[in-house]
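These notes are about the structure you will find just below.
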Amino acid sequence: MMDTNTAILMSMAIPVLACISNLLHGNERPNLRDGLTLIAAIATFGCVLSILINNGGTPTETFTLFSIMPGLDIAFHIEPLGLLFALIASGLWVVVHLYAIGYMRGNKEDNHARFYAAFCFSISATLGIAFSANMFSLFIFYEVLTIATYPLVAHKGTQEAKRGARIYVGTLLGTSIGLQLVAIVWTYVIAGTLDFTQGGILHDKELGAGLAAILLALYAFGIGKAALMPFHKWLPAAMVAPTPVSALLHAVAVVKAGVFTILKVGIYIFGIDFLSETNASEWLMWLAAFSILAASIVAMTKDNLKARLAYSTVSQLSYITLGMALATSMGALGGGLHIAMHAFGKITLFMCAGAIYVATHKTEIKQMTGLGRVMPFTYGAFLIGALSIIGLPPLGGSWSKWQLMVAAADTGQLIMIAVLMISSLLNVAYLLPIVAKGFFLTDEKNNAEIGIKEAPFWCVAPPVFTAIGCIILFLYAGDIQTFLMPIVEVK
Numbered sequence: 002m003m004d005t006n007t008a009i010l011m012s013m014a015i016p017v018l019a020c021i022s023n024l025l026h027g028n029e030r031p032n033l034r035d036g037l038t039l040i041a042a043i044a045t046f047g048c049v050l051s052i053l054i055n056n057g058g059t060p061t062e063t064f065t066l067f068s069i070m071p072g073l074d075i076a077f078h079i080e081p082l083g084l085l086f087a088l089i090a091s092g093l094w095v096v097v098h099l100y101a102i103g104y105m106r107g108n109k110e111d112n113h114a115r116f117y118a119a120f121c122f123s124i125s126a127t128l129g130i131a132f133s134a135n136m137f138s139l140f141i142f143y144e145v146l147t148i149a150t151y152p153l154v155a156h157k158g159t160q161e162a163k164r165g166a167r168i169y170v171g172t173l174l175g176t177s178i179g180l181q182l183v184a185i186v187w188t189y190v191i192a193g194t195l196d197f198t199q200g201g202i203l204h205d206k207e208l209g210a211g212l213a214a215i216l217l218a219l220y221a222f223g224i225g226k227a228a229l230m231p232f233h234k235w236l237p238a239a240m241v242a243p244t245p246v247s248a249l250l251h252a253v254a255v256v257k258a259g260v261f262t263i264l265k266v267g268i269y270i271f272g273i274d275f276l277s278e279t280n281a282s283e284w285l286m287w288l289a290a291f292s293i294l295a296a297s298i299v300a301m302t303k304d305n306l307k308a309r310l311a312y313s314t315v316s317q318l319s320y321i322t323l324g325m326a327l328a329t330s331m332g333a334l335g336g337g338l339h340i341a342m343h344a345f346g347k348i349t350l351f352m353c354a355g356a357i358y359v360a361t362h363k364t365e366i367k368q369m370t371g372l373g374r375v376m377p378f379t380y381g382a383f384l385i386g387a388l389s390i391i392g393l394p395p396l397g398g399s400w401s402k403w404q405l406m407v408a409a410a411d412t413g414q415l416i417m418i419a420v421l422m423i424s425s426l427l428n429v430a431y432l433l434p435i436v437a438k439g440f441f442l443t444d445e446k447n448n449a450e451i452g453i454k455e456a457p458f459w460c461v462a463p464p465v466f467t468a469i470g471c472i473i474l475f476l477y478a479g480d481i482q483t484f485l486m487p488i489v490e491v492k
């Protein structure tokens, strides 16, 4: 078993090597190229698993790769929230790579090698974010992730894809450089360090409630990947990308990098107690609540399936921001738990949308009447993923929503409980009709031929697997919560 520091470096290096391998093999030997990438994905997940075996949820000492100047290091460490994020991203990479093989070949997409190369490099940047020991390191990998995913959004090469990619990269780079970087510099001036510290690095500094709220606003809006309104339009624009991109990078890696960073800032930069004492995050709580409801309402108006799922993601991400803004340990744990629960539920929905497209080339919900009878495995997986997003037991999403409601009750925020309950009802309104139209209504064109006509196996098996994962997460939610507990324990 390799030591932890080696495993951290290897988990980031292996995807880079896979990126180079894809570029070297090109499109001439697709089976070898895709097989080597699959081996790299499994090896990367193995490295992250070895870190879990070595340390469990126990935080480790900081490992400095190199120093740029005093207090500004490229450094890594292990703590439960980052390790959970790394496990999700690396583990689901294996699943989505298999799915991508089925999708890219079944849909006869072009430029496979370039696609997989950018995908691999994006995973490396995601793991760099997960293991960063300070805000400086995280910011570097955060920017690398934005640049690495740009070719994926623009992959199709159409005018729509190029426009979506410009909105994507413009919004994310603009917010991070114009707002987040200002917040990071300000934090460094105040605290003299950017190291992620238990209890926060600002709690004992002379920073009034008003200035703390302004600094938090710079972070919240500067972390554009969290898709907090009004800096959310990049996410629907990025849905022009092939579905494997939407599935992993925009249901797990990119958007989760945003809310993961929000949680890290709240827990390790400000500190939960500091936010609670100053009420600096109260405004953010209300904005998150607005984003939850407004994005859900917009989702109901979208007939394009991926667009509806995109706005659903905007809403669900704000659950995690709300958890941090409640400024309680329970809220932070609920937000961390929702990272895992939403990842499995939403990646299932996106992969099902892609399977429907590969099999039928239909993108609009109004075209999908009766398809559930033709594609029962795909629609069955979609139903399970949807119920998890809604928050119904026995599926994982029920636990994270429950914990967030308990956190809201603990702070006396009864309106936030109502927001979460109304949001679940809106989830029902925009997700379940898709399943109902598929199973219970009939369309002569879609049912002209009797029998099952699913997408290729590797487009169907992965969403079925992640749908089963939604059930398994329900059974082990308590273990995940226990694993995350050290992030809110102040020494």
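Residue numbers (the numbering used here): 2 to 492.
Note that the Cβ used here is the ideal one computed from N, Cα and C, for glycine as well.
Owing to the predicted nature of the structure, the values given are computational and were not obtained by experimental measurement.
- Item | Sequence ranges, alpha helix (DSSP H) only - wholly within the stretch 172-220, length at least 4 | 182-192, all fully within the stretch 172-220.
- Query: Can you list, in chain order, the residues of its chain whose CB lies under 7 Å from that of H26, leaving out five sequence neighbours each side?
  - Reply: Closer than 7 Å at Cβ, skipping near neighbours: L33, R34, A114.
- Message: Give me, in chain order, the residues of the same chain whose beta-carbon lies closer than 7 Å to that of V420; leave out the 5 immediate sequence neighbours on both sides.
- Response: Scanning its chain for C-beta atoms nearer than 7 Å, with the 5 sequence neighbours on each side dropped, one finds around V420 the residues A290, I293, L294, in chain order.
- Query: Run through DSSP, which three-state label would L66 get?
  - Reply: strand
- For L372, which option in A356, A387, G103 has the closest C-alpha, if you only look at C-alpha atoms? A356
- Item | Under 8 Å between C-beta atoms of L174 and T147 | Closer than 8 Å, so yes.
- Task: Take the Cβ of R374 as the centre, count every other Cβ of all protein chains shown within 10 Å, and call the residue buried at 16 or more, exposed below.
- Result: buried
- Query: Whole-angstrom Cβ separation of H98 and A44, contact assumed at under 8 Å?
  - Reply: So it is not a contact: roughly 12 Å between Cβ atoms.
- Message: Counting C-beta neighbours from all protein chains within 10 Å, is the total for F222 16 or more, i.e. buried, or is it exposed?
- Response: buried
- Message: From the DSSP secondary-structure annotation, give me the bridge partner or partners of L73.
- Response: M70
- Message: Is it buried or exposed, F441, if we count other Cβ atoms within 10 angstroms and call 16 or more buried?
- Response: Exposed is the call here.
- Contact set for V246: own chain, Cβ-Cβ below 6 Å, skip 5 residues either direction: L153
- Message: Suppose the cutoff is 8 Å on Cβ atoms and the five residues either side in sequence are ignored; what does the same chain contact list for V465 look like?
- Response: F378, G381, A382
- What are the partner residues of S133, as DSSP defines its beta bridges? Note: S133 sits in a beta bridge opposite F77.
- Message: Please state the DSSP three-state secondary structure of E365.
- Response: strand
- Give the straight-line distance between the Cα atoms of A252 and A341, rounded to the nearest whole angstrom. 11 Å
- May I ask you to report which of helix, strand or coil DSSP gives N305? strand
- Task: For I385, collect the residues of the same chain with a Cβ closer than 6 Å to its Cβ; drop the 5 residues on either side in sequence, then sort them by chain order.
- Result: Cβ within range, chain order: A468, C471.
- Query: Does DSSP put Y477 in a helix, a strand or coil?
  - Reply: Coil, per DSSP.
- Message: At the level of alpha carbons, what is the spacing between I141 and I202?
- Response: 20 Å
- Item | Segments assigned alpha helix (DSSP H), at least 4 residues, entirely inside the stretch 337-397 | 372-375, 377-391
- Among S313, Y104, A76, nearest to A456 - alpha-carbon criterion: Y104
- State the Cα-Cα distance for the pair M11 and G413, rounded to the nearest angstrom. 46 Å
- Quick one: grab the DSSP three-state call for T159. coil
- Report the rounded CA-to-CA distance for I390 versus Q317, giving the unit in angstroms. 8 Å
- Message: Quick check: I185 and F137, are their CB atoms within less than 8 Å of each other?
- Response: yes
- Query: Cα separation between M70 and I178?
  - Reply: 20 Å
- Query: Taking the alpha-carbon positions, what's the M369 to M240 distance?
  - Reply: The straight-line gap from Cα to Cα measures roughly 19 Å.
- Query: What's the call for I273, buried or exposed, on a 16-neighbour Cβ count within 10 Å?
  - Reply: buried
- Message: For G36, count the other beta carbons within 10 Å of its own beta carbon; 16 or more makes it buried, fewer makes it exposed. Which is it?
- Response: exposed
- Pair within 8 Å by beta-carbon distance, L405 and G324: yes
- Other residues of its chain near P395: CB distance less than 7 Å, five sequence neighbours each side excluded: Excluding positions up to five away in sequence, the list reads I472, F475.
- Message: Cutting at 8 Å between CB atoms, please list the residues of its own chain near M486, excluding the five before and the five after it.
- Response: G58, P81, L334
- Item | Residue burial classification, H362 (beta-carbon count within 10 angstroms, cutoff 16) | exposed
- Task: Specify, as a first and last residue, the run of the alpha helix (DSSP H) that V436 falls within.
- Result: 415-441
- Query: To the nearest whole angstrom, what separates the beta carbons of F271 and L212, a pair I think is in contact under 8 Å?
  - Reply: The Cβ separation is near 12 Å, so there is no contact.
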